[in-house]
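Right, one structure below, let's go through it.
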Amino acid sequence: MDLPSSPSNDSLGEDASIYNYSFAPLRDPELLLADYANESTPREDGPIHLNDCAVLMLNVPARTITRINKSKEAQEANDRADVRRKKKRVKDSRKVQLSSDQAVFYYFHERKRSDVLDALFNEDTRQEHVNKVKEVGCEMPSIMRMYAHWRRIELKKTIKDAMEIWKCQACKKEQKTSEQKDLLEHIGTHERICSPCVVEHCGRRMKPRYMREHLKRFHARQYDHLEKELDYKLSRMLESFYEKARTQRNKYFPPEAFLRFDDKKIDNTQNLEDPKCRECGQMVRVNTARRAHVAQHLKLSYKCMIDDCEFRSNPMAINRHVLQYHSKKVGQLTAGELLDFKLIKDDFNKTIGDEFHKFFTCRNDNPVRKRVEAKDKRASPNNLNITPELAIFYYLYERKRQDVLEAIFDEETRKKFASKVEEMGIDITSILRTYAYWRRIELKKTIKGGIEIWKCQLCEKEIKATTVRDLINHIGTHEGGSCSCIVAGCGKLMKPTSLRGHLKNIHALHFDHLDKEQYHKLRRTLLSFYKKARTQRNKYFPPEAFLGFDDKKIGGKTQFEDPKCRDCGQMVRVNTARRYHVAQHLNLLCKCVVDGCEFRINPRTVIAHLSTRHSKKVAQLTAEELFELRRIRADFNKVMERELHKFFPYKEEISEDHFGDFL
């Protein structure tokens with residue numbers, strides 16, 4: 078193909094200057110002169126002609142694009158590097174292993190005891206600890222607060238049904254409380270938070286505890302028989318009072334204000350009841366379950382107070398139903414719904430009160446509770462106040478730092494603390510453990526759905542755990558704990574994670590096709606393994622073995638489901654509640670697995686029914702009951718897999734924020 082001849086100088090005219098202006102900055106000055114009109118200008122490979130300019134101009138877009146692309150690629154590479162560095166900083170801030178030295182450093186650092194810090198740490202170590210305090214990932218609170226928090230939780234595990242005793246930080250008054258509301262009402266006294274009377278034009282202000290008497294004396298209104306509007310107004314007023322008082326909780330009753338549990342347990346007539354039902358002979362050991370059991374005998378059921386909902390059950394089940402199915406708390410009910418619910422509870426309590434002791438009578442051999450004697454009180458850990466000073470003494474005492482002990486404590490205090498540590502045999506939780514425990518709780522409040530990272534104290538391997546079973550499986554490898562094969566005559570030992578593959582590959586036995594005896598034996602084997610390994614949890618994974626959270630979160634496709642039901646338009650934001658909601662639409666009901674119980678329930682609530690009605694855990698079921706429960710679960714999951722997305726389809730548009738945590 079013939080190409081047109083190159084343009085001449087005259088034909089280019091103004092274009093030549095444009096070419097010169099556009100192209101000159103992109104060309105090496107030694108090879109391309111500013112004035113293209115001078116054809117005789119020498120250069121190494123010959124003169125530059127204007128027709129050369131046309132040829133060179135053809136290269137301009139390509140060269141420009143190449144340079145732009147390289148520039149963009151470099152910028153994108155820098156951006157990616159910045160993102161990686163930022164993620165690494167975030168990951169490092171979440172993954173910090175605390176040490177006892179660091180905790181002790183923080184104790185003296187916050188008290189500005191530079192003399193003690195100089196004696197304990199050299200300059201480099203001090204600076205390292207200062208930097209590490211900033212990287213912990215959460216604000217390190219006072220050691221006193223953490224010890225008090227830890228102590229209350231530990232005591233609560235062993236002391237049941239006892240009132241807590243707190244000391245107000247403002248008036249120093251000791252408050253006995255069985256629930257948080259008692260403390261909040263005391264806070265209202267200091268903060269002058271009062272509740273106005275709900276009766277119009279009264280204007281009297283008082284604490285919530287006096288509202289009942291005020292309505293009765295001044296307005297001749299029974300607290301339990303208020304009109305719909307007044308009852309609704311009262312509930313909102315109380316909610317507002319407690320919400321305001323709760324914001325000042327740490328000012329008057331911080332964790333360190335907790336003193337002890339009362340020696341006398343909370344009097345409760347339910348503890349005097351014989352747990353054996355006179356009608357059917359069933360043992361019902363849970364107090365609240367006895368009321369539900371009597372309601373089942375009396376066939377008491379009430380309609381849900383939400384309009385157009387036909388669900389019927391007892392008040393406790395209705396409360397759960399409203400939360401799971403309608404995604405509403407009691408505080409979010411309308412005035413009419415709240416009044417209906419109150420009437421339901423009143424009628425239920427009255428009926429149960431009249432009929433209850435026909436089914437569960439009082440025992441004749443009830444032991445009389447007595448206060449603990451003085452000698453027992455002194456030895457009781459409930460009355461042992463572990464102060465931060467005692468913890469610091471213990472830290473230095475076990476390291477034989479007598480010089481530092483003499484600088485901090487006088488002789489009398491040293492003898493007193495030494496007596497507590499040695500003679501009474503106090504098991505003082507290490508400062509390190511307390512800090513680590515607190516830090517994990519605080520991080521967990523802000524990091525949702527994160528995978529925890531733990532460091533084994535024996536092999537120092539980092540374990541990513543989505544559940545505690547991941548840690549228990551690792552403990553089994555160190556302790557020699559193994560599960561034996563459930564097939565008769567095999568006897569091979571292995572970890573629980575290998576058991577499924579072993580059954581499939583060696584015995585051609587699919588995990589989902591086990592018969593009831595094999596399945597029951599398998600559950601018992603796994604339960605025994607986890608029970609033994611769990612006793613060694615603090616040896617391999619104590620609280621201080623927690624490093625942090627992984628930057629990747631636990632994946633789950635349920636978060637991509639549209640929370641709005643296609644059938645009824647209801648918003649169901651809780652993932653598990655959507656399965657319950659769909660089961661309600663499909664009218665899925667199953668018979669209780671316990672022989673002789675004709676109760677028909679939603680498959681999602683079978684375990685709750687076993688606990689409340691029959692006082693049974695899954696581990697206590699017989700082989701037949703366990704196999705039937707497994708069948709119910711499998712059938713339910715198949716139906717949900719097939720039907721769920723007809724009611725809750727995946728979202729059509731998913732924002733990039735959803736993927737941010739998985740990248």
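Going by this note's numbering, the residue at position 589 of the sequence shown is 666; the numbering climbs one at a time, nothing skipped. By construction, the Cβ of each residue, glycine as well, lies at the ideal position given by its N, Cα and C atoms. Nothing here was measured: the structure is a model prediction, and the numbers come from that model.
The alpha helix (DSSP H) that contains residue i, what's its start and end?
i           : result
residue 485 : 479-485
residue 422 : 412-432
residue 578 : 573-584
residue 373 : 364-375
residue 606 : 593-611
residue 714 : 700-724
residue 267 : 257-268
residue 292 : 288-296
residue 299 : Careful: residue 299 lies outside any alpha helix (DSSP H) and carries neither H nor E.
residue 653 : 652-662
residue 554 : 545-556
residue 359 : No alpha helix (DSSP H) contains residue 359, which DSSP labels as neither H nor E.
residue 192 : 191-197
Between the options, which lies nearest to residue i when the distance is taken from Cα to Cα?
i           : options            : result
residue 617 : 540, 360, 511, 198 : 540
residue 391 : 280, 426, 266      : 426
residue 275 : 704, 268, 285      : 285
residue 193 : 648, 594, 473, 511 : 473
residue 723 : 697, 656, 694      : 656
residue 710 : 312, 352, 591, 680 : 680
residue 686 : 700, 277, 706      : 706
residue 422 : 222, 368, 612, 546 : 368
residue 246 : 332, 232, 704      : 332
residue 612 : 556, 588, 564      : 556
residue 234 : 338, 155, 327, 222 : 338
residue 386 : 363, 662, 329, 236 : 662
residue 481 : 190, 151, 544      : 190
residue 161 : 692, 628, 639      : 628
residue 316 : 195, 277, 262, 363 : 262
Taking a contact to mean a Cβ-Cβ separation below 9 Å, would you say residue i touches residue j in this structure?
i           : j           : result
residue 388 : residue 229 : no
residue 206 : residue 226 : no
residue 241 : residue 258 : no
residue 762 : residue 696 : Shown here, the chain extends from 78 to 740; a query on residue 762 therefore has no answer.
residue 690 : residue 361 : yes
residue 669 : residue 683 : yes
residue 435 : residue 313 : no
residue 588 : residue 530 : no
residue 232 : residue 330 : no
residue 704 : residue 597 : yes
residue 420 : residue 407 : no
Applying the criterion that 16 or more other CB atoms from any shown protein chain within 10 Å of the CB defines a buried residue, is residue i buried or exposed?
i           : result
residue 447 : Residue confidence is low: residue 447 scores 39 on pLDDT, short of 50, so the model does not pin down where it sits. No coordinate-derived value is stated.
residue 403 : buried
residue 567 : exposed
residue 698 : buried
residue 725 : buried
residue 295 : exposed
residue 535 : exposed
residue 399 : buried
residue 311 : buried
residue 208 : exposed
residue 443 : Per-residue confidence for residue 443 stands at a pLDDT of 43, beneath the threshold of 50, marking its modelled position as unreliable; no derived number is given.
residue 120 : Because residue 120 carries a pLDDT of 43, less than 50, the predicted location of this residue cannot be relied on, and the following value inherits that uncertainty. Label assigned to residue 120: exposed.
residue 471 : buried
residue 372 : buried
residue 510 : buried
residue 727 : exposed
For the putative contact between residue i and residue j, defined by C-beta atoms under 8 Å, what is the C-beta separation to the nearest angstrom?
i           : j           : result
residue 393 : residue 417 : Rounded, the Cβ-Cβ distance is 16 Å, inconsistent with contact.
residue 264 : residue 325 : 5 Å
residue 742 : residue 553 : Here the chain has residues from 78 to 740 only, and residue 742 is not among them.
residue 469 : residue 183 : The pair is not a contact, with the Cβ atoms about 11 Å apart (cut-off 8 Å).
Output the boundary residues of the beta strand (DSSP E) element that contains residue i.
i           : result
residue 539 : 539-542
residue 240 : 239-244
residue 324 : Neither: residue 324 is in no beta strand (DSSP E) and is coded neither H nor E.
residue 251 : 251-254
residue 37  : Outside the shown range of the chain, which is 78 to 740, sits residue 37, and nothing can be said about it.
Taking CB distances under 9 Å as the criterion, tell me whether residue i reaches chain D.
i           : result
residue 511 : The structure shown contains no chain D; it holds only a single protein chain.
Consider the C-beta atom of residue i and the heavy atoms of the ligand ADP; say whether any pair is separated by less than 8 Å.
i           : result
residue 623 : As presented, the structure is devoid of all ligands, the ligand ADP included, so that no description of it is given.
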